[in-house]
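Read in order, the letters of the sequence shown correspond to residues 2 to 107 in my numbering.
Heads up, the thing below is written out as structure tokens.
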Amino acid sequence: MKELIPRALASAVVAGAMLGVSAAHATDVRYIAANCANCHGTDGRSAGGGGMPGLAGLSATYFVEQMNAFRSGKREATIMHQLAKGYTDAEIAQMAAYFAAQKPSK
């Protein structure tokens, strides 16, 4: 039988619930994470080849640390410092859980 809720999404809902985010809001994580696809690949699976790093399988803690570093300007970037400022702490935590649950490219 087909899964009604993909495991990665279910993980994000659980993570969101742990952070005090409603389950309805947490389900939006796929749409938020889709914003990353243009540079980091679908579901964070970068095509490789020295381009942008993949996000799939990254530690959620590392993801949050890096997004905060972009937002504060501690980590330099061409565009990520501006993009990171557009997300709330809860959205970053949701994306972190989502990408941590994805299997990286081989």
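Here a beta-carbon is modelled for each residue, glycine too, at the ideal position from N, C-alpha and C.
As the structure is a prediction and not an experimental result, all values here were calculated from the model.
Original post:
Near G74, what residues of its chain come up, given a Cβ to Cβ distance below 8 Å and the 5 sequence neighbours on each side ignored?
Top reply: The sequence position of residue 74 within the sequence shown is 73, counting from 1. Scanning its chain for C-beta atoms nearer than 8 Å, with the 5 sequence neighbours on each side dropped, one finds around G74 the residues H82, in chain order.
Subject >> Contact set for A34: own chain, Cβ-Cβ below 6 Å, skip 5 residues either direction >> reply: Position 33 of the sequence shown holds residue 34. Hits under 6 Å: M96 and Y99.
Original post:
Quick one: what does DSSP say E92 is sitting in, helix, strand or coil?
Top reply: Within the sequence shown, residue 92 is the residue found at index 91, counting from 1. In the structure shown, E92 sits in a helix (DSSP, three-state: H, G or I).
Subject >> Top-ranked residue by Cα proximity to D29, from R72, N39, I93 and P105 >> reply: What you label residue 29 is simply residue 28 of the sequence shown in a count that begins at 1. For D29, the nearest C-alpha among the options comes from I93.
Original post:
Do L59 and S47 come within 9 Å of each other at the CB atom, strictly closer than that value?
Top reply: For the purposes of this step, residue 47 is taken as residue 46 along the sequence shown, with counting starting at 1. For the purposes of this step, residue 59 is taken as residue 58 along the sequence shown, with counting starting at 1. Against a cut-off of 9 Å, the Cβ pair of L59 and S47 comes out as no contact.
Original post:
Taking the alpha-carbon positions, what's the K86 to F71 distance?
Top reply: Your numbering for residue 86 matches position 85 in the sequence shown. Your numbering for residue 71 matches position 70 in the sequence shown. Their Cα atoms are separated by approximately 8 Å.
Original post:
Helix or strand or just coil, what does DSSP make of E66?
Top reply: Reading the sequence shown from its first residue, position 65 is the one you call residue 66. Helix at E66.
Subject >> E4 burial status per 10 Å Cβ neighbour count (16 or more: buried) >> reply: Looking up residue 4 in the sequence shown gives position 3. Caution is warranted here: a pLDDT of 45 is assigned to E4, below 50, making its placement in the model unreliable, and the coordinate value is therefore given only provisionally. Answer is exposed; the Cβ neighbour count stays below 16.
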